[in-house]
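Step one of this worksheet: look at the structure below.
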Amino acid sequence: MNIDPILVTRSSMPPFEEYVSEIAPLWESRWLTNMGVKHQELERRLEEYLGVADLALFVNGHQALECVLEAMGLSGKVITTPYSFASTTHAIVRKGLTPVFADIRPDDYTLDPAEVERLVDGETCAILPVHVYGNPCDDDALADIAERHGLRLIYDAAHAFGVRVNGRPVASFGDASMFSFHATKVFNTIEGGAVCFKDPQLKTKLNRWKNFGIADEENVEFVGGNAKMNEFCAAMGLCNLRHLPGEIEKRRLVAQRYWERLEAVDGIRVHRPASGVSSNYAYLPAVFEEGRFGATRDDVFAALRRQGVFSRKYFYPLISDFACYQGRFDSDLTPHAQHVAARVLTLPLYADLALEDVDRICDVIVACGR
Ligand code: T4K
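Residue numbers (my numbering): 3 to 372.
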């Protein structure tokens with residue numbers, strides 16, 4: 003049994019020697035960044051793994067999202083969810099666009115298409131849904147709304163690496179999807195991210211936007227930034243990708259144990275992937291309905307901490323309640339998101355988490371409700 007603190011996640015890492023042999027050629031070539039051989043190889047391997055024709059790598063998921071919004075030349079309102087990490091809305095705002103928050107569905111916490119439809123107006127240019135916790139959004143309904151109103155559909159798929167719905171990769175949904183390869187993600191490149199996209203012309207644009215807008219040595223086409231993934235991060239990705247199926251299987255066993263222990267407890271809601279979804283088991287959100295469970299989310303959070311278990315309140319507070327957006331939004335307009343944010347805890351979940359530790363965590367949680 004683990005007596006060290008248990009954090010909400012723990013980075014997956016390849017064997018040290020494997021990484022060393024992957025980076026050894028960089029000492030020969032001295033080519034460390036700017037879309038080198040590791041970068042090119044990782045792009046190819048990720049296109050294969052994710053089942054898409056086109057993908058561009060980035061220094062992180064957030065820059066990938068900003069770049070794709072920029073490369074699409076959007077202006078106006080973007081309908082999105084307040085139930086996400088800061089990055090989703092920050093990318094919209096930082097690109098001079100106006101976020102409009104629609105509510106989530108109470109069952110899987112993804113953007114509710116009916117709410118999106120209600121909020122579309124003449125200034126709307128795009129929809130930016132999030133496959134939160136890796137739960138796939140209702141792409142059929144959202145794509146239909148986007149098509150009928152002439153909107154771009156860009157997914158924040160930061161949590162949904164490799165997820166498929168009835169065999170269809172989520173990476174192929176919408177006009178574009180952003181993935182995060184941060185250290186805390188199912189697949190990591192230390193820091194990193196990618197955009198998958200349908201329009202093949204976006205490849206050149208994205209590659210220029212992420213490299214100062216440079217087209218060639220004497221021609222700078224856009225006012226771009228620097229968002230390139232370096233060779234050491236790409237090498238980490240090549241190694242981690244080889245071990246990914248085993249890591250996901252270990253995560254599945256951990257998630258399964260949580261479901262078995264918590265699913266039947268009155269007042270705790272743990273979400274299993276819907277039928278037809280091949281999950282990556284990225285997160286384990288548990289929602290505590292205090293009236294039925296007998297303890298609040300904050301009671302459980304504190305009880306776990308006393309035992310050295312550091313769960314997290316992903317995603318509390320709602321983005322619409324952040325200090326930096328004070329006075330701009332009204333969270334009462336997204337009541338389902340408000341309800342879940344006040345009651346959710348994401349429990350520790352990573353490939354190396356021992357099942358005995360899951361049992362210990364569940365014992366602490368169940369005891370809170372008695
Ligand atoms: N969209 C969505 C929906 C996202 O969730 C995110 C990122 C993004 C966009 C943007 O993607 P990136 O630009 O990050 O690629 C963490 C991650 O930093 C962030 O990537 C992630 N979402 C978010 C949900 O979680 P924090 O502030 O909670 O991280 P931190 O430092 O508290 O770490 C959490 C736990 O992870 C630690 O308790 C232990 C573990 N950990 C952390 C680090 C840094 C490791 O095991 N290894 C590590 O290197 O944001």
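Even for Gly, the Cβ is constructed at its ideal location relative to N, Cα and C.
Please read all numbers here as calculations on a predicted model, not as lab measurements.
At least one heavy atom of ligand 1 lies closer than 7 angstroms to the C-beta of ALA185.
Here the distance from the Cβ of HIS245 to the nearest heavy atom of ligand 1 is not below 7 angstroms.
PRO319 is positioned such that its CB atom lies no closer than 8 angstroms to that of TYR135. With fewer than 16 neighbouring CB atoms inside 10 Å of its own CB, GLU50 falls in the exposed class. Annotation for CYS241: no beta strand (DSSP E) segment contains it, though the alpha helix (DSSP H) segment containing it runs 233-264. The three-state reading of DSSP puts THR206 in helix, counting H, G and I together. Closest in alpha carbon position to ALA196, among GLY226, ARG166, GLU219 and ALA236, is ALA236.
Its chain contains PRO138, GLY278 and VAL279 as the residues whose beta carbon lies nearer than 7 angstroms to that of VAL167, once the 5 sequence neighbours on both sides are disregarded; these appear in chain order. Counting only runs that start and end inside the stretch 80-155, the beta strand (DSSP E) elements of at least 3 residues fall at 100-103 and 126-130. In this chain, the beta strand (DSSP E) harbouring ARG271 covers 270-272. In the structure shown, ASP158 falls within a strand segment according to DSSP collapsed to helix, strand and coil.
Using a 10 angstroms sphere on the CB of ASN228, the tally of other CB atoms stays under 16, which defines it as exposed.
Ranked by how close their Cα comes to the Cα of LYS315, the residues GLN309, ALA325, ARG308 and ALA304 have ALA304 in first place.
Secondary structure note for ASP300: its alpha helix (DSSP H) is the uninterrupted segment 299-308. Excluding sequence positions up to five before and after PHE317, its CB lies within less than 7 angstroms of the CB of TYR85, SER86, PHE87 and ALA343, all in the same chain and listed in chain order. Taking the CA atoms as reference points, GLY194 sits about 25 angstroms from ASP218.
At least one heavy atom of ligand 1 falls within 7 angstroms of the beta-carbon of ALA160.
Rounded to whole angstroms, the gap between the alpha carbons of THR100 and PHE18 is 45 angstroms. The C-beta separation of CYS198 from LEU57 comes to about 5 angstroms, placing the pair in contact by the 8 angstroms criterion. Between VAL102 and VAL80, the C-beta spacing is below 8 angstroms. A residue is called buried when at least 16 other Cβ atoms come within 10 angstroms of its Cβ; ARG32 does not meet this threshold and is exposed. The straight-line gap separating the alpha-carbon atoms of PRO275 and ALA26 is approximately 40 angstroms.
At a cut-off of 7 angstroms, the beta-carbon of TYR316 counts as near ligand 1: some heavy atom of the ligand is closer than that.
Annotation for ALA73: LEU204, LYS207, LEU208 and TRP211 place their beta carbon closer than 8 angstroms to its own, counting only its chain and skipping 5 residues before and after. The stretch 111-121 makes contact with the stretch 140-150: 3 or more CB pairs, one atom from each, lie closer than 8 angstroms. In the three-state reduction of the DSSP assignment, PHE199 falls in the strand class. A direct Cα-Cα distance of roughly 10 angstroms separates GLU251 from HIS245.
The beta carbons of PHE290 and VAL302 sit closer together than 8 angstroms.
Under the DSSP assignment, ALA229 falls outside any alpha helix (DSSP H); it carries neither an H nor an E label. Taking a 10 Å sphere around the C-beta of SER23, we find fewer than 16 other C-beta atoms and assign the residue as exposed. Setting aside the 5 residues that flank it on each side, LYS230 is surrounded in the same chain by THR35, ASN36, MET37, VAL61, LYS212 and ASN213, each with a C-beta closer than 7 angstroms to its C-beta; the list follows chain order. The closest CA to that of ILE367, considering only GLN328, PRO350, VAL122 and ASP323, is found on PRO350. Contact check for ARG294 against VAL346 fails: the beta carbons are separated by 8 angstroms or more. It is roughly 5 angstroms from the alpha-carbon of VAL10 to the alpha-carbon of SER313. GLU45 is positioned such that its CB atom lies closer than 8 angstroms to that of LEU59.
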